[in-house]
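Trainee:
Protein chains: 2
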Amino acid sequence: MKAEALKGHLDALLLATLESGPQHGYAIRDALRVDSGGRFDLPSGTVYPALYRLERAGLIVGRWATVGERRQRRSYELTPAGRRALAEGRSSWREFATAVSAVLQEKQWTAGG
Amino acid sequence: MKAEALKGHLDALLLATLESGPQHGYAIRDALRVDSGGRFDLPSGTVYPALYRLERAGLIVGRWATVGERRQRRSYELTPAGRRALAEGRSSWREFATAVSAVLQEKQWTAGG
DNA sequence: GGCCAATAGGTAGGGTCGCTAGCTAACGCC
DNA sequence: GGCGTTAGCTAGCGACCCTACCTATTGGCC
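Written out as structure tokens, the structure reads:
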């Protein structure tokens, strides 16, 4: 899988991962890997900056939480704007995928009787 | 359609457009627009540099041709390497699309019986 | 003869964004 | 006390598509 393939689609993936409930970055990374059948095994340097971007954009909110004795974790949750963005992302993905698939379609069905 | 969506997928689209036979840049642009149902209406500043990239990479070859009296056109054709790259691009697109769709899938089928 | 749109090709520069490579630190296990 | 895993973070880079602009031919219209 080429690296640039993700460009422009990562945000929707992250939002989708958060749809089922709040998660922290590390767990999001895991979920993405599992849900994608191992295809999206993103480095933390991809995930965390993306989460900041989404937070700055008001699509998710992060809250610090303490786990165990001292361990700090940041849990992210979708905002209403995030849910809207996710819906939008889904439909624009569908549109994009449809268009790409149409173009990539092999035109071997003997040219239109 | 967000601009970054295309990133990393344009090459395959261009190669696919050339699969049915040699075409010049302007015609490729048109074909892409038509085949995608108007979704990919790319500016020339996107198409021509991409064609150079593909040519430098040995995936296509361009030949100048004269049309009418003086008009110059550059006709591009797939190389064998280009055909291989297209096949690869198709399968990696399928893989990518499958993975994205899997992640974006709404998990509203009431969680596991 | 002049204007415009369509056809055809081209380039410089910019901005976005995911990745590479590195870091700190807590936790559990032995 | 050492090691692997969990957890978070950042600077800087490079790829690449877009914006904005340019030149030139061709043909229609008046």
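Chains U and C, in that order, are what the protein sequence lines are.
Counting with this note's numbering, you get residues 1339 to 1451 for the letters of the first sequence.
Counting with this note's numbering, you get residues 1339 to 1451 for the letters of the second sequence.
Glycine included, C-beta positions come from ideal geometry on N, C-alpha and C.
For chain U, is any of its Cβ atoms less than 8 Å away from the one on ARG1428/C?
Mentor: yes
Trainee: Below 8 Å between beta carbons: does that hold for LEU1397/C and ALA1354/C?
Mentor: No, Cβ-Cβ distance for LEU1397/C and ALA1354/C is not below 8 Å.
Trainee: At a CB distance below 8 Å, what residues from the region 1375-1394 of chain C approach chain U? Give them in sequence order.
Mentor: GLY1375, ARG1377, PHE1378
Trainee: Would ASP1368/C pass as an interface residue toward chain U - the criterion being a Cβ-Cβ separation below 8 Å?
Mentor: Among the CB atoms of chain U, none fall inside 8 Å of the CB of ASP1368/C.
Trainee: I want to know whether the region 1407-1424 of chain U touches the region 1420-1434 of chain C - three or more CB-CB distances under 8 Å.
Mentor: no
Trainee: To the nearest angstrom, report how far apart VAL1385/C and SER1413/U are at their CA atoms.
Mentor: If you take the alpha carbons of VAL1385/C and SER1413/U, they lie about 42 Å apart.
Trainee: Quick one, which of LEU1348/C, GLU1342/C, LYS1340/C has its alpha-carbon nearest SER1430/C's?
Mentor: The shortest Cα separation from SER1430/C among LEU1348/C, GLU1342/C, LYS1340/C belongs to LEU1348/C.
Trainee: Would you tell me roughly how many angstroms separate the C-alpha atoms of ALA1350/U and GLY1375/U, rounded to the nearest one?
Mentor: 17 Å
Trainee: Mapping the DSSP letters down to three states, classify LEU1370/C as helix, strand or coil.
Mentor: helix
Trainee: Compile a chain-ordered list of the residues in the region 1416-1440 of chain C whose CB is closer than 9 Å to at least one CB of chain U.
Mentor: Listed by position, the residues of the region 1416-1440 of chain C near chain U (Cβ gap below 9 Å) are LEU1424, GLY1427, ARG1428, SER1430, TRP1431, ARG1432, GLU1433, PHE1434, ALA1435, THR1436, ALA1437, VAL1438, SER1439, ALA1440.
Trainee: Name the two residues that bound the continuous beta strand (DSSP E) containing GLU1415/C.
Mentor: 1409-1416
Trainee: Assuming ALA1354/U is part of the alpha helix (DSSP H), what are its boundary residues?
Mentor: 1348-1356
Trainee: Which whole-angstrom value describes the C-beta separation of LEU1380/U and ARG1367/U, a residue pair presumed to lie in contact below a C-beta threshold of 8 Å?
Mentor: 6 Å
Trainee: Let me know if VAL1372/C comes out buried or exposed under the rule of 16 or more other beta-carbons within 10 Å of its beta-carbon.
Mentor: exposed
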